[in-house]
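In UniProt numbering, the protein residues as written are 1 to 140.
Quick notes on the structure that follows.
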Amino acid sequence: MHKNDITLTMIKPGAVKKNHIGPILGIINENGFRIKAMKLTHLSVDLARKFYAIHEGKPFFDDLISFMSSGPIVAAILEKENAVTDFRALIGATDPDKAEEGTIRKLFAESLSHNAVHGSDSNDNAQIEASFFFNQTEIF
Ligand code: RTP
Ligand code: MG
1 MHKNDITLTM IKPGAVKKNH IGPILGIINE NGFRIKAMKL THLSVDLARK
51 FYAIHEGKPF FDDLISFMSS GPIVAAILEK ENAVTDFRAL IGATDPDKAE
101 EGTIRKLFAE SLSHNAVHGS DSNDNAQIEA SFFFNQTEIF
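Set out below in structure tokens:
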């Protein structure tokens, strides 16, 4: 498999708090994604600002940072052909009200800002985000 066939996901603090880690990982596996790396971790405010630097200055930035640093997250690298595109299809639209039936956000998101999961938006960002959380000894 090509090295570009990975994506980086986070199960966000709201979904971790609600004990949705297991069901979400189940859906991920059932849909053909292989877990190459995974950890339960916490984004400090500084790390959350760094991860979402692209959104700095947008009206929702401060809420996004305070939510993403509000509790533990699960970060994971997922492998599959067309991982970025297929995973974004599996999670559904950013706003759960617009997400298709059966998508992870439709099933587990509470709102636009508390939307259960993250998925990388390009192959380049998948590589950058994978390196943000994991070193080479943690990727299998
Ligand atoms: P993500 O990066 O978390 O996978 O989500 P995404 O690509 O679908 O959406 P993006 O545009 O990258 O936005 C990042 C996160 O910011 C929150 N958001 N809030 N209130 C708002 O208008 C708004 N817009 C975006 C969401 O939690 C979104 O996942
Ligand atoms: Mg995004």
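Where a beta carbon is used, it is the ideal one built from N, C-alpha and C, also for glycine.
Asked	Found
Distance cut-off 6 Å: Thr103 Cβ against heavy atoms of ligand 1	no
Distance between Ser113 and Asp97 (C-alpha atoms, nearest Å)	12 Å
7 Å Cβ cutoff met for Ile91 and Lys36	no
Helix, strand or coil at His42 [DSSP, three-state]	coil
Same chain, Cβ closer than 8 Å to Ile139, neighbours up to 5 away in sequence not counted	Lys36, Ala37, Ile77 and Ala130
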